[in-house]
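These protein sequences, in sequence, are chains Y and D. With the first sequence counted from 1, adding 921 to any position gets you this note's numbering. With the second sequence counted from 1, adding 153 to any position gets you this note's numbering. Even for Gly, the Cβ is constructed at its ideal location relative to N, Cα and C. Predicted, not measured: the structure shown is a model, and the values here were computed from it. Since the structure comes first, as C-alpha cells, the remarks are kept for the end.
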Amino acid sequence: GAGVSQTPSNKVTEKGKYVELRCDPISGHTALYWYRQSLGQGPEFLIYFQGTGAADDSGLPNDRFFAVRPEGSVSTLKIQRTERGDSAVYLCASSLLAGTDTQYFGPGTRLTVL
Amino acid sequence: RKEVEQDPGPFNVPEGATVAFNCTYSNSASQSFFWYRQDCRKEPKLLMSVYSSGNEDGRFTAQLNRASQYISLLIRDSKLSDSATYLCVVNMNRDDKIIFGKGTRLHILP
C-alpha cells in the first residue's frame, strides 16, 4: 500500500517568505507527527495530531509555526516569515494509534531559507 | 539530564564483529521504546521495538534495563549494509510524546 508522502520534496525560499509543507499519511492512521531534523541531529518533535486535533504542540519553536489537519488525514505545516535557521528537513510520520505504535515516516521536505 | 541520550559515535567496526550501543532516558515512567535506523539522506525506519523481556530479530538484540533507565542494541556478525545511524526512540508517556535521540553513527569497515 501507499506509504506516507510529503510534498514538496525540496523547497527553497527567501527569508521572510511564507511556506506550506504537506503530508499525506497512510490511510487509516489516526496519529500524525511532524518533526524537524538538522544535519547530524535526530528528529526534533514539533507537533502531533490525534485525528483532527493537535494533541501536543509543545515542540513548535515559536508562533511562526502552525500546523493543521482539518479532516483528520492530510496535514499542512505552515511557517510564516521564514528565517535562515528554519532550514532543515521536515519529516512527517503517521501511526495507526498514538504513542506505542510504529511510526512510518515520509521522505521529508528539505527546506532551505536563503 | 537530557530526555534521551546516545553516544553519537561514530563506531567504526570491522565486518563480522559484534557491536553494541546504549541509550539512556530520563523519565522513569516511559513505557515504549524503539530503535530506528536512518540511512544518509533517508527517512528513519523502524528497526525493532524494545520489550521489557528483551527481543531478538536475527542478528539484532534489543534489551531494556528499567532500573538503570537505558536500552541497548546489539548487532552480531555485522554486515557492510548495517552502516547507518541508529536512533533511540522513547515514548515519554506524557500525552504520548515521542522523543528521538540524536543517533549513533555506525560504520562497518570491509
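Where does the unbroken beta strand (DSSP E) through residue i begin, and where does it stop?
| i | result |
| --- | --- |
| residue 962 of chain Y | Premise fails: residue 962 of chain Y is in no beta strand (DSSP E) and is neither H nor E. |
| residue 947 of chain Y | Counting along the chain, residue 947 of chain Y falls outside any beta strand (DSSP E), and DSSP gives it neither H nor E. |
| residue 926 of chain Y | 926-928 |
| residue 226 of chain D | 223-228 |
| residue 170 of chain D | Careful: residue 170 of chain D lies outside any beta strand (DSSP E) and carries neither H nor E. |
| residue 981 of chain Y | It is not in any beta strand (DSSP E) - residue 981 of chain Y carries neither H nor E in the DSSP assignment. |
Which residue or residues does DSSP assign as beta-bridge partners of residue i?
| i | result |
| --- | --- |
| residue 193 of chain D | Note: residue 193 of chain D sits in no beta bridge, so no partner. |
| residue 201 of chain D | D/188 |
| residue 953 of chain Y | Y/970 and Y/1015 |
| residue 1031 of chain Y | Y/931 and Y/1010 |
| residue 988 of chain Y | Y/998 |
Would you say the beta carbon of residue i is closer than 7 Å to some non-hydrogen atom of the ligand ATP?
| i | result |
| --- | --- |
| residue 164 of chain D | What this structure holds is no ligand at all, so the ligand ATP is not there to describe. |
Please confirm if residue i has its CB atom under 8 Å from at least one CB of chain Y.
| i | result |
| --- | --- |
| residue 252 of chain D | yes |
| residue 200 of chain D | no |
| residue 227 of chain D | no |
Quick one: is residue i buried, meaning 16 or more other Cβ sit within 10 Å of its Cβ, or exposed?
| i | result |
| --- | --- |
| residue 260 of chain D | exposed |
| residue 996 of chain Y | buried |
| residue 219 of chain D | exposed |
| residue 240 of chain D | buried |
| residue 194 of chain D | exposed |
Taking only beta-carbon positions, decide if residue i is within less than 8 Å of chain D.
| i | result |
| --- | --- |
| residue 1029 of chain Y | yes |
Worksheet item: Given 8 Å as the limit, is there contact between the stretch 157-168 of chain D and the stretch 207-214 of chain D, that is, 3 or more CB pairs closer than that?
Response: no
Worksheet item: Does the stretch 1024-1035 of chain Y come close enough to the stretch 164-175 of chain D to have 3 or more Cβ pairs within less than 8 Å?
Response: no
Practice prompt. Would you check if there are 3 or more beta carbon pairs closer than 8 Å linking the stretch 1001-1020 of chain Y to the stretch 929-938 of chain Y?
Written response: yes
Worksheet item: Does the stretch 196-203 of chain D come within contact of the stretch 169-188 of chain D, defined as at least 3 CB pairs closer than 8 Å?
Response: yes
Worksheet item: Taking contact to mean at least 3 C-beta pairs separated by less than 8 Å, is the stretch 967-977 of chain Y in contact with the stretch 944-958 of chain Y?
Response: The stretch 967-977 of chain Y vs the stretch 944-958 of chain Y: in contact.
Practice prompt. Pull out every residue of the stretch 161-182 of chain D whose Cβ sits closer than 7 Å to any Cβ of chain A, in chain order.
Written response: No chain A appears in the structure shown, which is made up of the protein chains Y and D.
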